[in-house]
Structure formats: structure tokens, C-alpha cells
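Participant:
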Amino acid sequence: MEYKVAVIKGDCIGPEIVNEAMKIMDKVAEKFGHTFRYEQLLLGGASIDAYGVPLTEETLEKAKKSDGILMGSIGGDTTTSPWYKLPADKRPEAGLLAIRKGLGLFANMRPAVLYEELKGACPLKDSIIGDGFDFVVMRELTGGLYFGERKTVVEDGVLTAYDSLTYNENEIRRIAVKGFETAMKRRKKVTSVDKANVLDSSRLWRKVVEEVAKDYPEVTLEHMLVDNCAMQLVKDPTQFDVVLTENMFGDILSDEASMVTGSIGMLSSASLGEGKLGLYEPSHGSAPDIAGQNKANPIATILSAAMMLRYSFDLDKEADAIEAAVKEVLKQGYRTVDIMSEGHTLVGTKEMGDAIAACI
Numbered sequence: 063m064e065y066k067v068a069v070i071k072g073d074c075i076g077p078e079i080v081n082e083a084m085k086i087m088d089k090v091a092e093k094f095g096h097t098f099r100y101e102q103l104l105l106g107g108a109s110i111d112a113y114g115v116p117l118t119e120e121t122l123e124k125a126k127k128s129d130g131i132l133m134g135s136i137g138g139d140t141t142t143s144p145w146y147k148l149p150a151d152k153r154p155e156a157g158l159l160a161i162r163k164g165l166g167l168f169a170n171m172r173p174a175v176l177y178e179e180l181k182g183a184c185p186l187k188d189s190i191i192g193d194g195f196d197f198v199v200m201r202e203l204t205g206g207l208y209f210g211e212r213k214t215v216v217e218d219g220v221l222t223a224y225d226s227l228t229y230n231e232n233e234i235r236r237i238a239v240k241g242f243e244t245a246m247k248r249r250k251k252v253t254s255v256d257k258a259n260v261l262d263s264s265r266l267w268r269k270v271v272e273e274v275a276k277d278y279p280e281v282t283l284e285h286m287l288v289d290n291c292a293m294q295l296v297k298d299p300t301q302f303d304v305v306l307t308e309n310m311f312g313d314i315l316s317d318e319a320s321m322v323t324g325s326i327g328m329l330s331s332a333s334l335g336e337g338k339l340g341l342y343e344p345s346h347g348s349a350p351d352i353a354g355q356n357k358a359n360p361i362a363t364i365l366s367a368a369m370m371l372r373y374s375f376d377l378d379k380e381a382d383a384i385e386a387a388v389k390e391v392l393k394q395g396y397r398t399v400d401i402m403s404e405g406h407t408l409v410g411t412k413e414m415g416d417a418i419a420a421c422i
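Note that this note's numbering gives residue 388 to position 326 of the sequence shown, counting from 1, and the numbers run on in steps of one.
1. Can you give me the Cβ contacts of Leu45 inside the same chain, cut-off strictly under 6 Å, excluding the 5 residues immediately before and after it?
2. With H, G and I counted as helix, E and B as strand and the rest as coil, what does DSSP make of Lys357?
3. Just the C-alpha distance for Pro149 and Ser135, rounded to the nearest angstrom, thanks.
4. Which residue spans inside the region 261–289 form an unbroken alpha helix (DSSP H) run of at least 4?
5. Under three-state DSSP, which class holds Tyr146?
6. What are the start and end residues of the beta strand (DSSP E) that includes Glu101?
7. Quick one: what's got a C-beta closer than 8 Å to Met414's C-beta in the same chain, skipping five residues either side?
8. Using a Cβ-based criterion (distance less than 8 Å to any ligand heavy atom), does Gly395 qualify as near the ligand PLP?
9. Should Thr253 be labelled buried (16 or more other beta-carbon atoms within 10 Å of its own) or exposed?
10. Count the other CB atoms within 10 Å of the CB of Thr407; is the residue buried (16 or more) or exposed (fewer)?
11. CB-CB under 7 Å to Tyr177, same chain, minus the five flanking residues each way: which ones, in chain order?
12. From what residue to what residue does the alpha helix (DSSP H) around Glu178 run?
13. Closest by CA to Ala56, which one among Gly166, Asp139, Lys257, Lys89?
14. In whole angstroms, what is the alpha-carbon distance linking Asp88 and Tyr373?
15. Whole-angstrom Cβ separation of Val288 and Val255, contact assumed at under 8 Å?
16. What residues in its chain sit with their C-beta under 8 Å from that of Ile384, if we drop five residues either side in the sequence?
17. Rank Leu221, Leu103, Glu404 by C-alpha distance to the C-alpha of Ala442 and give the top, closest one.
18. By DSSP, does Ser226 sit in helix, in strand, or in coil?
19. Using 8 Å as the Cβ pair cut-off and three pairs as the minimum, do the region 308–319 and the region 93–100 touch?
20. In the structure shown, what three-state DSSP assignment does Arg248 receive?
21. If you check the beta carbons only, do Ser109 and Pro350 fall under 9 Å apart?
22. Let me know the secondary structure DSSP gives Lys213 once reduced to three states.
23. According to DSSP, simplified to helix, strand and coil, what is Arg201?
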């Protein structure tokens with residue numbers, strides 16, 4: 063099979079880590095008889111440098127015509143980079159928000175996996191993590207508080223700020239469907255997280271999720287208040303399979319989930335829409351302090367490529383092969399600096415990519 067992949071290497075460590083992911087994809091293509099046609103696109107700081115804006119219409123149109131989008135990290139040092147002297151709508155991250163909106167990517171999927179070989183990096187006790195954990199945070203990405211009406215005004219002589227949290231039933235239904243579909247590929251459990259004891263938006267969220275659940279009788283649904291979920295993530299993360307939640311709650315909980323795995327450098331993510339097209343990127347930032355030094359951990363980006371094969375291309379065996387190769391390399395003791403511990407072998411970005419490719 064032949065697939066057209068839009069490649070956005072991004073800024074700082076972005077090109078380094080994306081190069082390694084492409085190396086792995088090329089090895090998969092060789093082993094499984096596929097062809098990946100890459101088209102290089104610019105976004106964020108790289109686009110600002112080339113075109114004066116963080117996202118061009120041409121880039122967006124080319125991304126729309128691809129089968130999947132593989133992206134590195136966007137942005138730079140917010141204190142020293144000239145990109146951050148520009149108006150907010152011209153900064154690198156504005157391009158990321160714009161491409162998500164332009165592609166209709168309303169669902170953010172962020173796996174949180176603790177590998178057996180990296181248990182020592184987890185801040186939780188062995189009695190809590192057991193043999194490790196593997197769950198996914200499914201976050202609604204284009205609605206809620208972050209996209210609601212906002213204003214700051216003076217009322218009765220007092221400066222007052224308003225932020226509106228708004229969801230309609232269609233927005234909730236489509237992200238719920240993504241959550242249940244994902245659960246069907248996994249252990250068939252959905253934990254829907256809300257604040258239904260306080261918020262009207264959460265009560266609607268719960269109502270619609272329960273309606274969607276009727277179409278997936280094989281999936282177990284439970285509801286959990288967001289404050290309890292934050293506690294349960296550190297008390298017993300092994301209980302979760304798919305955590306389904308709205309935008310702000312998902313933003314917070316997914317970062318908490320990343321820390322209980324021990325290193326954000328291991329965590330992939332996908333932003334999905336109604337069809338198969340998705341944008342796949344690591345959960346971590348652009349790490350300008352180590353850019354160009356062959357120190358960045360490419361595993362999150364490599365695992366993001368595996369997600370693209372699984373969710374956009376339906377190449378489950380190929381995605382399994384990448385994930386198995388990552389586990390094997392960790393078992394062999396190879397470590398980048400962010401996950402390094404005594405008794406293991408320190409390698410750079412390129413060397414980690416080479417080792418994973420050799421295990422495909």
C-alpha cells in the first residue's frame with residue numbers, strides 16, 4: 063500500500079526527532095511492503111522564518127490532502143526567541159491551534175504507558191504501579207472553556223473577567239464516539255470524567271455519553287468526578303483504560319498522566335477528526351536547550367508514528383511491530399539522557415533511532 067504523509071518537522075529538536083521516526087517508518091515500509099511518500103511542510107517558528115506567519119493556507123491545504131500528518135515540536139524559548147515578540151496570533155503556537163481547527167481535529171488522544179523497564183522512573187510506589195499501566199486520555203480539543211466567549215471589563219469600578227464554558231450535544235457526542243471506538247480496540251472500558259455535581263455543561267456531557275454508550279454494549283462505562291480522577295491517577299492508575307473528558311479537564315489530567323509515567327519524552331499523541339486523517343506528535347515541547355546536540359529522546363515521536371499507522375492507516379500489525387521494537391530496545395538497556403539510570407547504556411537521538419529500527 064502507498065500512503066502520503068505530510069511531515070512537519072517543526073522547531074528546535076523537532077527535525078531531529080522526526081528524522082528518527084521517518085527512519086523507523088522506512089524500515090516498516092521495507093519489512094511490510096508499503097510505500098510512504100513524504101511531503102515536507104512548515105509550521106510554527108520555521109514557517110514564521112520562511113513566510114512571516116506560523117501557518118500558511120498552502121500548508122493547510124497540503125495537509126488536508128495527505129493520509130496522515132507527522133509532526134515534531136513547535137515553538138522555542140519564550141524569553142529569548144524573536145518569535146515571542148510578535149502578537150499572540152502570529153506566534154508559533156497559533157499555527158498549531160490553526161491547523162487543528164482547519165483540519166477539524168476535535169479529539170486529542172494521549173496514551174500514558176509505564177514500561178516495565180522504566181518502572182524506576184515512576185514517582186509512585188511499586189505497590190501502586192504493580193506491573194505497570196497502560197491507559198489513554200481522550201480529550202475534547204476544540205470546545206469548552208478555551209474556545210468560549212471571554213472578556214475583561216470594568217463593572218462598578220472593579221476589573222472583572224469572564225470566560226464561558228460552552229458545549230453542545232453534537233460536540234460531546236462526536237468525542238464520546240471516538241472514546242468508545244478507542245476502547246473497543248483496547249480493554250473495553252471508558253471512564254468519563256466531568257464535574258456533574260456542579261456544572262450544567264458536565265450534566266449534558268454525562269447525558270450524551272450515556273446515550274452513546276448504548277451503541278457499545280461491550281464497553282463498560284463509569285463516571286468519575288474530575289477531582290476524584292486526579293486523585294485516582296496517583297492512587298491507582300492501573301484501573302484506567304480510556305479516560306474520556308472535556309478540554310480543560312483533559313489538559314490538566316493528561317499532564318498529570320505524563321508525569322506518573324516518569325518521562326514525558328516517552329509519550330505520543332494524536333489529534334483526530336471525523337475521518338481517518340490525524341495529526342501525530344510527541345506530547346513534549348521543543349526543548350531549545352538541547353536542540354542540535356543529539357540528546358533528545360525520539361521515542362515519543364516514533365510511537366506517534368505508530369499511532370498514525372494504527373489509527374489513520376489501519377496498519378495494526380505494523381504499529382505493533384514499532385511498539386514491540388521500542389520495548390525490546392528498552393529491555394536491551396539503551397537509554398537517552400532523560401530516562402538514563404545506573405547500569406544502562408546512554409545513547410543519543412540517532413543511536414536510539416538506529417537501535418529501534420534494527421529491532422523492527
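From the three backbone atoms N, C-alpha and C, an ideal C-beta is built for every residue, glycine too.
Facilitator: Let me spell this out:
1. In the structure as shown, the chain starts at 63 and stops at 422, and residue 45 therefore has no counterpart that could be examined.
2. In the sequence shown, residue 357 corresponds to position 295, counting from 1. Three-state DSSP puts Lys357 in coil, outside helix and strand.
3. Position 87 of the sequence shown, counting from 1, holds the residue named residue 149. Position 73 of the sequence shown, counting from 1, holds the residue named residue 135. Going from the Cα of Pro149 to the Cα of Ser135 covers about 20 Å.
4. Correct list: 262–275.
5. Position 84 of the sequence shown, counted from the first residue, corresponds to residue 146. Reduced to three states, the DSSP call for Tyr146 is helix.
6. As a working mapping, residue 101 is identified with position 39 in the sequence shown. Counted as a single uninterrupted DSSP element, the beta strand (DSSP E) harbouring Glu101 occupies residues 97–103.
7. The count along the sequence shown starts at 1 and reaches residue 414 at position 352. Same-chain partners within the cutoff: Glu82, Asn359, Pro360, Ile361, Val391, Tyr396, Thr398.
8. In the structure shown, the ligand PLP is absent, as is every other ligand, since no ligand is present at all.
9. Taking the first residue of the sequence shown as 1, we reach residue 253 at position 191. Around the Cβ of Thr253, a 10 Å sphere holds 16 or more other Cβ atoms; the residue is buried.
10. In the sequence shown, counting from the first residue as 1, residue 407 sits at position 345. Exposed: under 16 other Cβ atoms inside 10 Å.
11. Within the sequence shown, the letter at position 115 stands for residue 177. Same-chain partners within the cutoff: Gly194, Lys389, Leu392.
12. Numbered from its first residue, the sequence shown carries residue 178 at position 116. Looking at the DSSP string, Glu178 is not in any alpha helix (DSSP H), and its letter there is neither H nor E.
13. It is not possible to answer for residue 56, since the shown part of the chain is limited to 63 through 422.
14. The sequence position of residue 88 within the sequence shown is 26, counting from 1. The sequence position of residue 373 within the sequence shown is 311, counting from 1. Each residue's Cα considered, the two are about 18 Å apart.
15. Looking up residue 288 in the sequence shown gives position 226. Looking up residue 255 in the sequence shown gives position 193. Val288 to Val255, Cβ: 5 Å. Contact.
16. Taking the sequence shown and counting its residues from 1, one reaches residue 384 at position 322. Residues Ile86, Val90, Ile364, Leu365, Ala367, Ala368, Leu371, Ile418, Ile422 of the same chain have their beta carbon placed closer than 8 Å to that of Ile384, with the five preceding and five following residues left out of the count.
17. What is shown of the chain runs 63 to 422, which leaves residue 442 out entirely.
18. The sequence position of residue 226 within the sequence shown is 164, counting from 1. Ser226 falls in the coil class under three-state DSSP.
19. No, the region 308–319 is not in contact with the region 93–100.
20. On the sequence shown, position 186 is the one that residue 248 refers to. Coil at Arg248, not helix or strand.
21. By 1-based counting over the sequence shown, the position of residue 109 is 47. By 1-based counting over the sequence shown, the position of residue 350 is 288. With a cutoff of 9 Å on beta-carbon distance, Ser109 and Pro350 are scored as not near each other.
22. What you label residue 213 is simply residue 151 of the sequence shown in a count that begins at 1. Three-state DSSP puts Lys213 in a strand.
23. Mapped onto the sequence shown, residue 201 falls at position 139. Assignment of Arg201 by DSSP, reduced to helix, strand and coil, places it in the strand class.
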